[in-house]
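**Q** Structure below; questions to follow.
Protein chains: 2
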Amino acid sequence: MIIDCHGHYTTAPKQHEGWRQQQIAAFDAKTAPPPRPGMTDDEIRETIVNGQLKLQKERGTDLTIFSPRAAGMGHHLGGAAESAVWSRACNDLIQRVCNLFPQNFVGVCMLPQTTGVSPANCTEELERCVKELGFIGCNLNPDPSGGYWKDPPLTDRYWYPIYEKMVELDVPGMVHVSASCNPCFHGTGAHYINGDTTAFMQFITADLFKDFPTLRFIIPHGGGAVPYHWGRYRGLAQDMKKPPLKDHLLKNVYFDTCVYHLPGIELLTRVIPLDNILFASEMLGAVRGIDPETGNNYDDTKRYIDALSIPAADKQKIFEGNIKKVFPRLGAKLAQAR
Amino acid sequence: MIIDCHGHYTTAPKQHEGWRQQQIAAFDAKTAPPPRPGMTDDEIRETIVNGQLKLQKERGTDLTIFSPRAAGMGHHLGGAAESAVWSRACNDLIQRVCNLFPQNFVGVCMLPQTTGVSPANCTEELERCVKELGFIGCNLNPDPSGGYWKDPPLTDRYWYPIYEKMVELDVPGMVHVSASCNPCFHGTGAHYINGDTTAFMQFITADLFKDFPTLRFIIPHGGGAVPYHWGRYRGLAQDMKKPPLKDHLLKNVYFDTCVYHLPGIELLTRVIPLDNILFASEMLGAVRGIDPETGNNYDDTKRYIDALSIPAADKQKIFEGNIKKVFPRLGAKLAQAR
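Top to bottom, those sequences are chains A and B.
According to the numbering used here, the first sequence is numbered sequentially starting from 54.
According to the numbering used here, the second sequence is numbered sequentially starting from 54.
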């Protein structure tokens, strides 16, 4: 079985994000937003059948762990009340996709984060998504300010309430920023990758996983810059008298394979223990074109794993085994869907 | 000849940065700073003989392109007047090192940048350093706010006055942030690498090098996350209808080899054209320890280049040829020093 642990609903019916614009406009104008628009099952089905599902079939993957569009989370827009309403709307929509295609999609939620508002604010929605909607994880934005990095580092006790709930529910978090409203940072080309690098370095400097030994994070986009600079990170940890990274972080931190060329994937699988690598493509996502050097889509990351000179059993870990370990609720979902 | 194009004076006599603290304290207290402390040639000589020069000899490199301590630039501290005085002091100190060891060090200056103050403010100091002190390049901080990214992207016309002067003087700039005052960003582990990634992505989105076809930048630390995500960057440029990166940026943008493990250097030299790679170690810098996996210093990057399976002529390009092209004033300096 081939599980893609990182997909966003980037193709949702237009009225979904159209309403979001109305909601934020209403917030700015201090008026009430219009009611949420309706979406038929057929409308949703069409966006999936011609989008993610089509690509799953073409590329030979079986299941996508699916969450709301990352850039659409927009935690820097509106206030906590707007974020709460929008999160529920986005997560409910993911559930509809998962209910329509239970063999192909399992849900992960976004959280109603807001800069300067305690993440304790997010525990209720996480619990609802896991217990009522059957979701198996969450996305956690390390920078709800959208590129100005105004909240404390992820190792600060500020974040502990959401970690306590994640541990209680036994769900992992993908550390994933949303859109950048800082003109210095291109979204998918700088803010995403910087967010990944920043989070990993935050984890190095502290002892978060002493407090939460079973807390698990996925750092997407191949871990940002981290595997390429693995010597730097090993050396920095050593200078700080931290344990080797394998002991310090790799029981809790995982990297996905959203790296869009073979040499990058080769580096990733060479320097990071294979037990810490989870298959993912983020399709349809940041990079949608065809690589003229290969004739294939940049984000068809399965081809890169297929091309690796590692034993089939190791590939199966990346495609399935590791993901089932990191998302323990996935097993029950799969049994249900059969 | 083996030229290290990225070294900072991280071992300056203590009174140098001691005075900087007094200067900033005086700024905060709205009083006058004390006069600059004296430093004897012997004091300076000692910090070099037991630091950079010792490592040059041990590692078998010949010359370091040398600039003030990057984290010490502190463009977010004080105001424009303080930055001007501090820049002159730092650059003058670099000149003293270069005069004491003309065979081993050639100067690159820091610029008196300040958030929100036009880089036109920096042209005079750049000209002084090049024409009077014999420097061959500058370091340009893309984020003088120290981790809050408050100034426009490097492709904005805001920066054009300093580019005009760089072009006029035919000197390249290394895009190098200073310390981070944002608690989210570890300096050498996040802010440095993010700065590199961010700058490269800024260059992709615009057409800066149409306006300045001879302007040259070095992106240090192996280009941040860029080579690891080369497929992503090629794909993003393609989605934006930009020319292939080779044509769009690689006549103007170069990467150094400050990547502290062999797999990273192998990736760099595999995906980035060898003409765009410049040897560097940033010793004594961010990572000072010995890698237990190799028994050698993490930042002894010459060993990684030595270990590559590429022709000797290509290694010589990385060690010398490319650097002389990017720093055209270096030839005259070397002739002088003989």
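We treat Cβ as the ideally placed atom computed from N, Cα and C, and that holds for glycine.
Predicted model, so just to flag it, every value in this text is computed and none were measured.
Closer than 7 Å, Cβ to Cβ, to anything on chain A: give me those residues from the stretch 297 to 331 of chain B, in chain order.
**A** V312, Y313, H314, P316, G317, L320, R323 and V324
**Q** Pair every Cβ in the stretch 302 to 321 of chain A with every Cβ in the stretch 344 to 359 of chain A, then say whether three or more of these pairs are closer than 8 Å.
**A** Contact holds between the stretch 302 to 321 of chain A and the stretch 344 to 359 of chain A, because three or more Cβ pairs, one in each stretch, are under 8 Å apart.
**Q** Does the count of Cβ pairs from the stretch 364 to 379 of chain B and the stretch 129 to 147 of chain B closer than 8 Å reach three?
**A** Short answer: they don't touch.
**Q** Using the DSSP secondary-structure output, state which residues sit across from G160 of chain A in a beta bridge.
**A** The count along the first sequence starts at 1 and reaches residue 160 of chain A at position 107. According to DSSP, which records beta bridges pairwise, G160 of chain A is partnered with A:F119.
**Q** Along the stretch 214 to 240 of chain B, what residues have a CB closer than 7 Å to any CB found in chain A?
**A** N235, P236, C237, F238 and H239
**Q** Output needed for L383 of chain B: all residues of its chain with C-beta closer than 6 Å, excluding positions within five of it in sequence on either side, in chain order.
**A** By one-based count along the second sequence, residue 383 of chain B stands at place 330. Cβ within range, chain order: I189 and K377.
**Q** So, with DSSP's three-state summary, where would you put G317 of chain A?
**A** Your numbering for residue 317 of chain A matches position 264 in the first sequence. Of the three classes helix, strand and coil, the one that applies to G317 of chain A here is helix, per DSSP.
**Q** List, in order along the chain, the chain A residues whose C-beta lies closer than 7 Å to that of I246 of chain B?
**A** Indexing the second sequence from 1 puts residue 246 of chain B at position 193. Close to I246 of chain B, with beta-carbon spacing below 7 Å, are these residues of chain A in chain order: T250, A278 and H282.
**Q** Contact defined as beta carbons within less than 8 Å: I believe L207 of chain B pairs with A252 of chain B. What is the distance between those atoms, to the nearest angstrom?
**A** Taking the second sequence and counting its residues from 1, one reaches residue 207 of chain B at position 154. Taking the second sequence and counting its residues from 1, one reaches residue 252 of chain B at position 199. So it is a contact: roughly 6 Å between Cβ atoms.
**Q** Which first and last residues belong to the alpha helix (DSSP H) in which I358 of chain B is found?
**A** Residue mapping note: residue 358 of chain B aligns to position 305 of the second sequence, counting from 1. T354 to A360 is the span of the alpha helix (DSSP H), which, as asked, contains I358 of chain B.
**Q** Tell me which residue opens and which closes the beta strand (DSSP E) that L302 of chain B is part of.
**A** In the second sequence, residue 302 of chain B corresponds to position 249, counting from 1. L302 of chain B -> no beta strand (DSSP E), and no H or E assigned at all.
**Q** Please look up how many angstroms separate the CB atoms of H59 of chain A and E335 of chain A, rounded, as I've assumed it's under 8 Å.
**A** In the first sequence, the residue the question calls residue 59 of chain A occupies position 6. In the first sequence, the residue the question calls residue 335 of chain A occupies position 282. About 5 Å; that satisfies the 8 Å criterion.
**Q** Report the residue from A:K263, A:H69 and A:P155 whose alpha carbon sits nearest the alpha carbon of K386 of chain A.
**A** Stepping through the first sequence from its first residue, residue 386 of chain A is reached at position 333. For the residues A:K263, A:H69 and A:P155, the minimum Cα distance to K386 of chain A belongs to A:P155.
**Q** Which residue comes first and which comes last in the beta strand (DSSP E) that contains G226 of chain A?
**A** Taking the first sequence and counting its residues from 1, one reaches residue 226 of chain A at position 173. Run containing G226 of chain A: G226 to V228, per the beta strand (DSSP E) assignment.
**Q** When you compare only the Cα positions, how much space is there between F119 of chain B and L289 of chain B?
**A** As a first step, residue 119 of chain B is located in the second sequence; it is residue number 66 there, counting from the start. As a first step, residue 289 of chain B is located in the second sequence; it is residue number 236 there, counting from the start. About 34 Å.
**Q** Excluding five sequence neighbours on each side, which residues of the same chain lie with their C-beta closer than 7 Å to the C-beta of P66 of chain A?
**A** On the first sequence, position 13 is the one that residue 66 of chain A refers to. Excluding the 5 residues flanking it on each side, P66 of chain A has same chain C-beta neighbours closer than 7 Å at M92, E96, I97 and T100, in chain order.
**Q** Residues of chain A with CB under 7 Å from A123 of chain B, in chain order?
**A** To locate residue 123 of chain B, count along the second sequence from 1; it is residue 70. Per Cβ cutoff of 7 Å: no residues; A123 of chain B is ~15 Å from chain A at best.
**Q** Going straight from the alpha carbon of G125 of chain A to that of A232 of chain A, what length do you get?
**A** The count along the first sequence starts at 1 and reaches residue 125 of chain A at position 72. The count along the first sequence starts at 1 and reaches residue 232 of chain A at position 179. The alpha-carbon atoms of G125 of chain A and A232 of chain A are separated by roughly 7 Å.
**Q** Hey, could you find the ends of the beta strand (DSSP E) F270 of chain B is sitting in?
**A** Here residue 270 of chain B corresponds to residue number 217 of the second sequence, with the count starting at 1. It spans F270 to I272 - the beta strand (DSSP E) in which F270 of chain B sits, taken as one unbroken run.
**Q** Between G317 of chain A and G160 of chain B, what straight-line distance do the alpha-carbon atoms span, to the nearest angstrom?
**A** Position 264 of the first sequence holds residue 317 of chain A. Position 107 of the second sequence holds residue 160 of chain B. CA-to-CA, the gap between G317 of chain A and G160 of chain B works out to about 35 Å.
**Q** Give the C-beta separation of I215 of chain A and C151 of chain A to the nearest angstrom, bearing in mind that I take them to be a contact with Cβ-Cβ under 8 Å.
**A** To locate residue 215 of chain A, count along the first sequence from 1; it is residue 162. To locate residue 151 of chain A, count along the first sequence from 1; it is residue 98. Wrong, their Cβ atoms sit about 22 Å apart, outside the cutoff.
**Q** Check whether the Cβ of G338 of chain A lies closer than 7 Å to any Cβ atom in chain D.
**A** The question asks about chain D, but that chain is absent: this structure's protein chains are A and B.
**Q** Which partner residues of G60 of chain B appear in the DSSP bridge assignment?
**A** Here residue 60 of chain B is taken as the residue at index 7 of the second sequence, counted from 1. Per DSSP, B:F119.
**Q** Quick one, are the C-beta atoms of D394 of chain A and I272 of chain A less than 7 Å apart?
**A** Only positions 54 to 391 of chain A appear in the structure, and residue 394 of chain A is not among them; the question remains open.
**Q** Among all the DSSP beta bridges, which residues are the ones paired with C191 of chain B?
**A** Indexing the second sequence from 1 puts residue 191 of chain B at position 138. Note: C191 of chain B sits in a beta bridge opposite B:C162 and B:G226.
**Q** In this structure, what does DSSP give as the bridge partners for N350 of chain B?
**A** Position 297 of the second sequence, counted from the first residue, corresponds to residue 350 of chain B. DSSP, once it has assigned bridges, lists B:I343 as partnering N350 of chain B.
**Q** Quick check on G288 of chain A - is its C-beta less than 7 Å from some C-beta in chain B?
**A** Here residue 288 of chain A refers to the residue found at position 235 when the first sequence is read from its first residue. Taking Cβ atoms only, chain B reaches closer than 7 Å to G288 of chain A, which makes this a yes.
**Q** Go ahead and label D350 of chain A buried or exposed: buried means 16 or more other beta carbons lie within 10 angstroms of its beta carbon, across all protein chains shown.
**A** Indexing the first sequence from 1 puts residue 350 of chain A at position 297. Residue 350 of chain A is actually Asn in this sequence, not Asp. By the neighbour-count rule (16 or more Cβ atoms within 10 Å), N350 of chain A is buried.
**Q** With a cut-off of 7 Å, does the C-beta of D292 of chain B fall near any C-beta of chain A?
**A** Sequence index remark: in the second sequence, residue 292 of chain B carries index 239 (1-based). For D292 of chain B, the closest Cβ of chain A is nearer than 7 Å.
**Q** What residue from B:N157, B:T258 and B:E178 has the CA that sits closest to A134 of chain B's CA?
**A** Within the second sequence, numbered from 1, the residue matching residue 134 of chain B stands at position 81. The shortest Cα separation from A134 of chain B among B:N157, B:T258 and B:E178 belongs to B:E178.
**Q** Might you give, ordered along the chain, the residues of its own chain that have their beta carbon closer than 8 Å to the beta carbon of K368 of chain B, omitting 5 neighbours on each side?
**A** Indexing the second sequence from 1 puts residue 368 of chain B at position 315. These residues qualify, in order along the chain: I358, D359 and L361.
**Q** Taking C-beta pairs closer than 9 Å, name the residues in chain B that R341 of chain A reaches, listed in chain order.
**A** As a working note, residue 341 of chain A is residue 288 in the first sequence. In chain order: G288 and D292.
**Q** Measuring CB to CB, does D57 of chain A end up less than 7 Å from T117 of chain A?
**A** The residue given as residue 57 of chain A occupies position 4 in the first sequence. The residue given as residue 117 of chain A occupies position 64 in the first sequence. Contact: yes.
**Q** Any idea if E185 of chain A is buried or exposed, counting beta-carbon neighbours within 10 angstroms, 16 or more meaning buried?
**A** Indexing the first sequence from 1 puts residue 185 of chain A at position 132. The residue is exposed, with fewer than 16 neighbouring Cβ atoms inside 10 Å.
**Q** Rounded to whole angstroms, what is the Cα-Cα separation between G169 of chain B and Y201 of chain B?
**A** Taking the second sequence and counting its residues from 1, the one referred to as residue 169 of chain B is at position 116. Taking the second sequence and counting its residues from 1, the one referred to as residue 201 of chain B is at position 148. Using only the alpha carbons, I get a separation of about 12 Å.
**Q** Which bits of chain B does D344 of chain A rub up against, with CB to CB less than 9 Å?
**A** In the first sequence, counting from the first residue as 1, residue 344 of chain A sits at position 291. Near D344 of chain A (Cβ distances below 9 Å), the residues of chain B are G284, R287, G288 and Q291.
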